[in-house]
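Reading through the structure tokens given below for one structure.
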Amino acid sequence: RRGPGARAAARGPPGAPPAEPTMANGSSVDFQPRPLISGKSVPVLFLTGVALLLTGAYLFLHCRSLLQIDVPPGKRDPDLMLRGQIHAVLYITFATLWTASYIRCITELPGTIPSSPEWNYDPNADAPASAYNLNIEKKRSGERRHCKWCSKYKPDRAHHCRMCRVCILKMDHHCPWIYNCVGYRNHKFFFLLLVYSVLITQMVTWTMFESVRSSIKYDTHVVEMFLVLFAWTVALALGVIVT
Numbered sequence: 003r004r005g006p007g008a009r010a011a012a013r014g015p016p017g018a019p020p021a022e023p024t025m026a027n028g029s030s031v032d033f034q035p036r037p038l039i040s041g042k043s044v045p046v047l048f049l050t051g052v053a054l055l056l057t058g059a060y061l062f063l064h065c066r067s068l069l070q071i072d073v074p075p076g077k078r079d080p081d082l083m084l085r086g087q088i089h090a091v092l093y094i095t096f097a098t099l100w101t102a103s104y105i106r107c108i109t110e111l112p113g114t115i116p117s118s119p120e121w122n123y124d125p126n127a128d129a130p131a132s133a134y135n136l137n138i139e140k141k142r143s144g145e146r147r148h149c150k151w152c153s154k155y156k157p158d159r160a161h162h163c164r165m166c167r168v169c170i171l172k173m174d175h176h177c178p179w180i181y182n183c184v185g186y187r188n189h190k191f192f193f194l195l196l197v198y199s200v201l202i203t204q205m206v207t208w209t210m211f212e213s214v215r216s217s218i219k220y221d222t223h224v225v226e227m228f229l230v231l232f233a234w235t236v237a238l239a240l241g242v243i244v245t
């Protein structure tokens, strides 16, 4: 057990930035592990619940009514069945791609500054002249940018995220809806996530309006009518926001 003097020495002098976290073997930790269930994961759980609700309402209420599963085969309208099949196939395809992109956005680390020695910041040592050519963004004094929290030199467009507590390569922003930063390695998946979100919400908004009108016009169970109206309203609102 360390005494007060040892703990004070580990913290460093007053006003100094916190030391970079290290593992038992002395290597630096680039990205702290994130707990699966915490207060910060609530937006992810909420968005997952909305996606499941929207999927259930569209497939089991809208597409099911078009496929006329409860109607005897001889009395089914072939045009409605074809439309229901097309809607179901398109939605399942877009939803699968959206789910894959969403999982990759959450699990793919955005990328951090390498732990190699040339990126470690040393205020008492002069960086070689060749190192200055690696970066375009510099301070007004002409010196290389560095992070006072990570004690590393910053590549271009790298910024420190206080939520992730690490510098992110080509950082765009920290998104609470994916419980992650959008950076160098997962920017493509985040862009695809937005594209598939637009396709799904617009598709649900325009194709499900028929079910909304039918649930209001005809005698429909109150729970089914509520789910149809709620899912369509959510899709419309998300479609306007995302688009």
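Here this note's numbering = 1-based position in the sequence shown + 2.
Think of the CB as a built atom: it goes at the ideal place given N, C-alpha and C, for glycine as much as any other residue.
Please read all numbers here as calculations on a predicted model, not as lab measurements.
Same chain, Cβ closer than 6 Å to residue i, five either side skipped, listed in chain order
i, result
"Arg106", "Phe191"
"Gly28", "Residue confidence for Gly28 is low, a pLDDT of 34 falling below 50, so the modelled location carries little weight and cannot support an answer."
"Leu68", "Leu82, Arg85 and Gly86"
"Ser217", "Met227 and Val230"
"His64", "Met210 and Ser213"
Extent of the continuous alpha helix (DSSP H) to which residue i belongs
i, result
"Ile94", "Pro80 to Thr109"
"Val168", "Note, Val168: premise wrong, no alpha helix (DSSP H); beta strand (DSSP E) at Val168 to Ile170."
"Val46", "Val44 to Ala59"
Reference residue i; option with closest CA among the options
i, options, result
"Ala53", "Gly113, Ile243 and Ala233", "Ala233"
"Val236", "Ser67, Asp81, Cys166 and Ser199", "Ser199"
"Thr50", "Thr101, Ile94 and Met83", "Thr101"
"Met173", "Arg164, Arg167 and Cys183", "Cys183"
"Met165", "Ser67, Phe211, His176 and Val91", "His176"
"Gly113", "Leu99, Leu194, Ala239 and Cys163", "Cys163"
"Val242", "Ile88, Met83 and Trp208", "Trp208"
"Tyr60", "Trp179, Tyr93 and Lys42", "Tyr93"
"Phe62", "Phe48, Gln87 and Gly76", "Gln87"
"Lys42", "Pro178, Phe48 and Pro125", "Pro178"
"Arg66", "Glu212, Asn126, Leu240 and Lys219", "Glu212"
"Gln204", "Tyr220, Val225 and Leu240", "Leu240"
Whole-number beta carbon distance between residue j and residue i, since they are thought to touch under 8 Å
i, j, result
"Ile108", "Val46", "7 Å"
"Gln70", "Asp79", "7 Å"
"Ser153", "Asn122", "7 Å"
"Ile202", "Ala90", "13 Å between Cβ atoms; not a contact."
"Tyr155", "His148", "5 Å"
"Leu238", "Arg187", "In fact, because the Cβ distance is near 33 Å, the residues do not count as touching under 8 Å."
"Val244", "Leu196", "6 Å"
Same chain only: Cβ atoms within 8 Å of residue i, ignoring 5 sequence neighbours per side
i, result
"Gly5", "With a pLDDT of 49 at Gly5, under the threshold of 50, the predicted position of this residue should be treated as unreliable, and no value is reported."
"Pro16", "Because Pro16 sits at a pLDDT of 46, beneath the cut-off of 50, its placement in the model cannot be relied upon, and the following sentence gives the value as read from the coordinates. Result list for Pro16: empty, nothing under 8 Å."
"Arg159", "Glu139, Leu171, Lys172 and Met173"
"Thr57", "Tyr93 and Ala97"
"Tyr181", "Arg36, Lys42, Ser43, Pro45, Val46 and Ile108"
For residue i, the first and last residue of its enclosing beta strand (DSSP E)
i, result
"Val184", "Asn182 to Val184"
"Cys177", "His175 to Cys177"
"Cys152", "Looking at the DSSP string, Cys152 is not in any beta strand (DSSP E), and its letter there is neither H nor E."
"His64", "It is not in any beta strand (DSSP E) - His64 carries neither H nor E in the DSSP assignment."
Near the ligand GTP: residue i beta-carbon under 6 Å from a heavy atom
i, result
"His89", "No copy of the ligand GTP occurs in the structure displayed, which carries no ligand at all."
Close-in-space but distant-in-sequence residues of the same chain around residue i (CB under 7 Å, 5 per side omitted)
i, result
"Asp72", "none"
"Val214", "Val230, Leu231 and Trp234"
"Gly76", "none"
"Leu55", "Ala233"
"Gly185", "Pro112, Gly113, Ile170, Leu171, Lys172, Met173 and Asp174"
- What are the uninterrupted segments assigned as alpha helix (DSSP H) that are 4 or more residues long and contained completely in the stretch 193 to 232, given in chain order? As far as the stretch 193 to 232 is concerned, its whole alpha helix (DSSP H) runs of at least 4 residues are 211 to 219.
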